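First comes the structure, then the notes that go with it.
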Amino acid sequence: MRSHVRRRQAERDGCRPRRSCDAVPGVPSGQPGQSGSNQLTVSRSECSPPRSRSPQRRASGRPGLARKCGGSHAGPQVSARNRRRSQQGPSKVMPRDVRPRCSLSRADGPARRVALSQRRYGPGARRRSPAVNEVARSCKLVSMAKREIAELLGGAVGVGTEVAVRGWVRTRRDSKAGLSFLQINDGSCFASLQVVADGTLPNYVQEVQHLGSGCAVTVRGELVESLGRGQSVEIRATEIAVEGWVDDPDTYPISPKRHSFEFLREVAHLRPRTNTFGAVARVRNCLAQAVHRFFDDSGYLWIHTPIITASDTEGAGELFRVSTLDLARLPRDADGAPDFSDDFFGREAFLTVSGQLNVEAYCLALSKVYTFGPTFRAENSNTSRHLAEFWMIEPETAFADLSDNADLAEALLKHLFRTVLEERADDMEFFAQRIHPEAIRRLQAVVDQPFERMTYAEAVRALQNAKTKFAFEVSWGSDLQSEHERYLTEEYVRRPVVVTNYPKGIKPFYMRLDDGGETVAAMDVLAPGIGEIVGGSQREERLDVLDIRLAECGIDPEPYGWYRDLRRYGTVPHAGFGLGLERTISYVTGMANVRDVIPFPRTPGSADF
RNA sequence: UCCUCAGUAGCUCAAUGGUAGAGCAUCCGGCUGUUAACCGGAGGGUUGUAGGUUCGAGUCCUACCUGAGGAGCCA
1 MRSHVRRRQA
11 ERDGCRPRRS
21 CDAVPGVPSG
31 QPGQSGSNQL
41 TVSRSECSPP
51 RSRSPQRRAS
61 GRPGLARKCG
71 GSHAGPQVSA
81 RNRRRSQQGP
91 SKVMPRDVRP
101 RCSLSRADGP
111 ARRVALSQRR
121 YGPGARRRSP
131 AVNEVARSCK
141 LVSMAKREIA
151 ELLGGAVGVG
161 TEVAVRGWVR
171 TRRDSKAGLS
181 FLQINDGSCF
191 ASLQVVADGT
201 LPNYVQEVQH
211 LGSGCAVTVR
221 GELVESLGRG
231 QSVEIRATEI
241 AVEGWVDDPD
251 TYPISPKRHS
261 FEFLREVAHL
271 RPRTNTFGAV
281 ARVRNCLAQA
291 VHRFFDDSGY
301 LWIHTPIITA
311 SDTEGAGELF
321 RVSTLDLARL
331 PRDADGAPDF
341 SDDFFGREAF
351 LTVSGQLNVE
361 AYCLALSKVY
371 TFGPTFRAEN
381 SNTSRHLAEF
391 WMIEPETAFA
401 DLSDNADLAE
411 ALLKHLFRTV
421 LEERADDMEF
431 FAQRIHPEAI
441 RRLQAVVDQP
451 FERMTYAEAV
461 RALQNAKTKF
471 AFEVSWGSDL
481 QSEHERYLTE
491 EYVRRPVVVT
501 NYPKGIKPFY
511 MRLDDGGETV
521 AAMDVLAPGI
531 GEIVGGSQRE
541 ERLDVLDIRL
551 AECGIDPEPY
561 GWYRDLRRYG
571 TVPHAGFGLG
581 LERTISYVTG
591 MANVRDVIPF
601 PRTPGSADF
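Here the first sequence is numbered in our numbering, starting from 1 and rising by one per residue.
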């Protein structure tokens, strides 16, 4: 939402303008972490509104529900206009952004349909395992009849079965013949489920005909073959219970129409309700799970490296300070500088910029390890490829050299891409249709071919021989500019490329010095459209060389005593790299901005939500 | 941090210095096993903020705020 709109809304609300979501009209002001229904973990049965609903009860705003759910916005604030609506006819909308995109031919045989559906609707389409069902029943979270939409569309439930689904209305289309069609989405897969609501339902006129985008419902009915085109099965509803109304459809930001990503960033708490951000969330989860599966299957241990670090490590960017000192009365030493000896940790502390140094310690005892978690950079970077808080995957392998390291990076990336193509085919189909036409094809190409590998020296030669005019001249010893990386990966080899053995002057102290003494055993994996997606190296395992490199880089060795110890006691060659999760998701989905592949992006000047 | 561009209805955008417009969304009416539904109507605006130039500013000038793209830094 634009600033002036926020301001106007804020003024109407009688508060100071803020750059946050709580000025969004019609949206609850409670934020996660504050008291409000968002935070409650009560089960649905505790939170459900009464079954029988008269217009009077709706008009009352259901005070009982609001009380139980801990926030006034839990129930609808039914206005005079809404009451008027309940006596009048419906409207019809069917936006481009929410129409179903996966359909199954009704001519397909049942077996083929199930197989096809499981591929299209993801792992959620698989029948739940007996163990999961048992746990679910014992927790009273679901009854046997309640199903995820992915299961229903995936063929896990036979036609003719009585089922219940819960989710949010995407659209409603009415027929004056006394029939309404609801598209229901529960996030379990890309597709929405069509619900046929007959005019004989007891709440048809008073409630069903007023459902719109964003309303939460529980639908019970029979799974039937669809009479219409566009879906193979649908639910013929016998009961539609409205769990949560949309207070004011006029100002609900996720109206059924196309929205710009810039606008949706301003309503980050509601954007997961769109096709795009639901798909991104499922792909992100798929990739994260695949990371753990890959390393677990390969014998790597997941090491939980610390979020708070004491050392200003390796100059990997600016750090966020973690402190409990009173900023208004900062203790100072004799020189007038802030005195951190009184601080919580008795010294300066920061949010980690990388788990690498810590994970090296575990590598030199457990051989194969990785860390995967959030990292933080206080750089004032304003680009589509940078976040102040992002997630990084950092494996570290003992008894491994640079070549082994590149092999591991290639195997990991191929595993991730293969997995997402298999398990999130429905979402990938959407990305290929709407976000990036090459999304599927280029992933398949990466999976099918070996990565191109070249040394920095070869890359420089290729750039010098290129016909392309560069803004920055290429010469040995200077770092590759964005335009150079783009040329290499987008024009020269046209797929991911591994560049190795960079000059030591442009790389950090911990990278292993090559035999010539001019280059280090560094490697970057460059991806088309993204640039550097992986950065890694063989580490310097020789203490004497490490000390020289620390001195050359002008780094005080004192805070690195523990890191030097690793070279004093049983040192071995080892190597590792960092893979940025958001850049990976960006490459996989074709989403151009990493701010749109993390749920709540943190960037300079922006930490709303 | 630097460079460039942009802020007008809920959203996406028009509007020679001279009365503020469209499409979509919302609401209402009509029509239909619908599926980007369709047809008709209605409501909706301190043109980002503060100054300035002018008889007159959405439009020109200055500063600031916000956003985007690119660069640097990096994952």
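We put the beta carbon where it would ideally sit given N, CA and C, even for glycine.
Since this is a predicted model, take the numbers as computed values, not measurements.
*Output yes or no for whether 8 Å exceeds the beta carbon distance between ALA575 and ASN405.*
yes
_On the DSSP letters alone, give me the boundaries of the alpha helix (DSSP H) that TRP562 sits inside._
561-568
*Alpha carbon of TYR502 to alpha carbon of GLU485, nearest angstrom*: 14 Å
_Of the residues THR200, ILE303, ALA268, the one placed nearest TYR362, counting alpha carbons only_ = ILE303
*Cutoff 6 Å; reference LYS146; Cβ partners in own chain excluding five residues on either side*: ALA164
*May I ask you to report which of helix, strand or coil DSSP gives LYS414?*
helix
*Could you spell out where the alpha helix (DSSP H) holding LEU546 opens and where it closes?*
543-552
*From GLY221 to PHE430, what distance separates their C-alpha atoms?*
29 Å
*Hey, is the stretch 252-263 in contact with the stretch 201-214, meaning 3+ C-beta pairs nearer than 8 Å?*
yes
*Residue range of the beta strand (DSSP E) that GLN194 falls in?*
193-198
*Between which two residues does the alpha helix (DSSP H) carrying ASP514 extend?*
Taken as a continuous stretch (DSSP letters only), ASP514 belongs to no alpha helix (DSSP H), as it is neither H nor E.
*Verify whether the separation of the beta carbon atoms of ASP186 and ARG282 is less than 8 Å.*
no
*Count the CB pairs spanning the stretch 555-574 and the stretch 411-420 that are closer than 8 Å, and state whether there are at least three.*
no
*By the 10 Å Cβ neighbour count, where 16 or more other Cβ atoms means buried, how is ARG172 classified, buried or exposed?*
buried
*Leaving aside the five residues before and after ARG166 along the sequence, list all residues of the same chain whose C-beta is less than 8 Å from its C-beta, in chain order.*
ARG44, LYS146, ASP186, ALA216, VAL217, THR218, VAL219, GLU243
*Does the distance from the CB of ALA471 to the CB of GLU483 come in under 8 Å?*
yes
*Integer-rounded CB distance, given that SER188 should sit under 8 Å from ILE149*: 5 Å
*Taking the alpha carbon of PHE344 as the point to measure from, which residue in LEU270, LEU325, MET523 has its own alpha carbon closest?*
LEU325
_Which residue wins for smallest C-alpha separation from LEU287, given the options ARG595, GLU422, PRO437?_
GLU422
*Given GLY477, which residues of its chain have a CB within under 8 Å of its CB, disregarding the five upstream and five downstream residues?*
PRO503, GLY505, ILE506
*Helix, strand or coil: how does DSSP classify GLU422 here?*
helix
*Just to confirm, are ALA462 and LEU480 a CB contact at a threshold of 8 Å?*
no
*Going by alpha carbons, who is nearest to THR238 out of GLN209, ARG258, VAL280, THR200?*
THR200
_Helix, strand or coil at ALA584 [DSSP, three-state]_ = Before going further, note that residue 584 is Thr rather than Ala in the sequence given. Three-state DSSP puts THR584 in a helix.
*Is GLY36 helix, strand or coil when you go by DSSP?*
Reliability fails at GLY36, whose pLDDT of 24 lies under 50, so the model's placement of it is uncertain and no value is given.
*Alpha-carbon spacing of ASP335 relative to GLY346, whole angstroms*: 18 Å
*What does PRO338 pair with, by DSSP beta-bridge criteria?*
ARG332
*Using 7 Å as the cut-off, classify the Cβ of ALA445 as near or not near the heavy atoms of the ligand GTP, replying yes or no.*
With respect to the ligand GTP, the structure shown offers nothing to examine, as it has no ligands at all.
*From the DSSP output, in three-state form, read off SER606 for me.*
strand
_For LYS349, three-class secondary structure by DSSP_ = It should be pointed out that residue 349 corresponds to Ala in this sequence rather than to Lys. In the structure shown, ALA349 sits in coil (DSSP, three-state: anything other than H, G, I, E or B).
*ILE308, buried or exposed, once every other Cβ within 10 Å from all chains shown has been counted against 16*: exposed
_Per DSSP, the bridge partner or partners of GLN433_ = Looking at the DSSP assignment, GLN433 forms no beta bridge with any residue, so it has no partner.
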